[in-house]
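Note that the sequence shown covers residues 4 to 188 in the working numbering.
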Amino acid sequence: MGHSVFSEEFCLDFASTLEWRHTRRVDAFRSAADLAPWFYSNGVRLQLEPLGEAALANAHELRDAIHHLGLNSVHGKHFDVDDVATVNRCALPAPLAITLDSGGTMRYSGDFPALLSSIARAAIELLAGPHRELIRQCAEPECTRLFLDHSRAGARRWCGTACGNKVKAAAYRERKRSKKPSRAN
Ligand SMILES: [Zn+2]
Numbered sequence: 004m005g006h007s008v009f010s011e012e013f014c015l016d017f018a019s020t021l022e023w024r025h026t027r028r029v030d031a032f033r034s035a036a037d038l039a040p041w042f043y044s045n046g047v048r049l050q051l052e053p054l055g056e057a058a059l060a061n062a063h064e065l066r067d068a069i070h071h072l073g074l075n076s077v078h079g080k081h082f083d084v085d086d087v088a089t090v091n092r093c094a095l096p097a098p099l100a101i102t103l104d105s106g107g108t109m110r111y112s113g114d115f116p117a118l119l120s121s122i123a124r125a126a127i128e129l130l131a132g133p134h135r136e137l138i139r140q141c142a143e144p145e146c147t148r149l150f151l152d153h154s155r156a157g158a159r160r161w162c163g164t165a166c167g168n169k170v171k172a173a174a175y176r177e178r179k180r181s182k183k184p185s186r187a188n
């Protein structure tokens, strides 16, 4: 794979590692041991030293800042200075280095702060760039995922088909229920 893993979408996927933020709060990063496998399975092929609580806290902080900034964009609000400071602080170290190997594959190298810097830099490019206008929050009532709407009409509503199907099924049940004749009399 030759393109950077750290796309605008990747930032929002990273921000969505805490899902259903106001209800069930499903967290992909419950402990420091969850970090490396998540990055690996999301395309960041990187050897990392064992990670501790500080790495976990920094990952949570960056993830929440990107989520808040994305939500502010959705609602046309100014960015919160604390969120901006978090992203800027994480973007300060050099990002992951990339190298070409003899097999023609791009490889990443660097430590965890470099990894967070790569994410924070991509988030800055998203939030300061033209695609900021494409950030949406999923319309499923409890889903808090953010995504980029690249549809031509700009009318995509769901983070994925699971949420879309859930809402459509609920609407169908509601229509069926309201069509039933009243048995009150
Ligand atoms: Zn959703």
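Built from N, CA and C at the ideal position, the CB exists for glycine as well.
Given the structure is predicted, the values throughout are model-derived calculations rather than measurements.
Residue i - DSSP class collapsed to helix/strand/coil
{"i": "Phe13", "result": "helix"}
{"i": "Phe150", "result": "strand"}
{"i": "Arg24", "result": "coil"}
{"i": "Ala1", "result": "This structure leaves residue 1 out entirely; the chain is present only between 4 and 188."}
{"i": "Thr246", "result": "Beyond the ends of the chain as shown, which are 4 and 188, falls residue 246; an answer cannot be given."}
{"i": "Ala100", "result": "strand"}
{"i": "Asp144", "result": "The question names Asp, but residue 144 is Pro in the sequence shown. Coil at Pro144, not helix or strand."}
{"i": "Gly167", "result": "helix"}
{"i": "Ser2", "result": "This structure cannot settle anything about residue 2, because the visible part of the chain is limited to 4 through 188."}
{"i": "Ala156", "result": "coil"}
For residue j and residue i, believed in contact at Cβ under 8 Å, the rounded distance
{"i": "Ser112", "j": "Pro98", "result": "The Cβ separation is near 11 Å, so there is no contact."}
{"i": "Leu59", "j": "Ser19", "result": "17 Å between Cβ atoms; not a contact."}
Bridge partner(s) assigned by DSSP for residue i
{"i": "Ile138", "result": "Leu151"}
Checklist entry - Under a criterion of Cβ closer than 5 Å to any non-hydrogen atom of ligand 1, which residues qualify, in chain order? => result Cys141, Glu143, Cys146, Arg148, Cys162, Cys166
Next on the checklist: Quick check for students: name the residue ranges of the alpha helix (DSSP H) that lie wholly in the region 35-104, counting only runs of 4 or more.
Outcome noted: 38-44, 56-77, 84-93
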